[in-house]
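Following: one structure in structure tokens, then a few remarks.
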Amino acid sequence: EKSKKTGMVGTFGGLGGGMSSPGNPRPTTVNAQVDTKSKGNQTLLEALKAKQLPEKESIEPVEGFLYFPLDGKHKLKNLAVLYRGPAGKLDLEFEH
């Protein structure tokens, strides 16, 4: 009996061979995608800005969200807003 070797003709072990020679690489397809994550962040930022507390002086009630930066992780029970300025004073404590 003759023993037959199995394998593909024209392959080069470990080089990704296939049926082409090293001088003629196979055509490749490149997929490009648009970064929609930053676009989504921009949409979110615009929505938040539309709901924020307006920066103006008023003697009438004003409605909106107040945002302020936080560094690190904070628990709700550890937060307070203290304001002292020309418009008066504000002590706002968050209870958990």
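So that you can map any letter, position 78 of the sequence shown is 756 in the working numbering, and since no number is skipped, the others follow by simple counting. The C-beta atom is built at its ideal place from N, Cα and C for all residues, glycine as well.
V759: first and last residue of the uninterrupted beta strand (DSSP E) it sits in = A758 to G763
Go through its chain and collect everything with a Cβ distance to L770's Cβ below 6 Å, but skip five positions before and after it.
-> V759
Which value, in whole angstroms, describes the spacing of the CA atoms of P747 and K727?
-> 14 Å
Do S757 and F743 have their CB atoms nearer than 8 Å?
-> This sequence places Leu at residue 757; Ser is not what is there. Their beta carbons are not under 8 Å apart, which means L757 does not touch F743 by this criterion.
Which of helix, strand or coil DSSP assigns to K734 | coil
Tell me whether E773 sits in a helix, a strand or coil according to DSSP, three-state version.
-> coil
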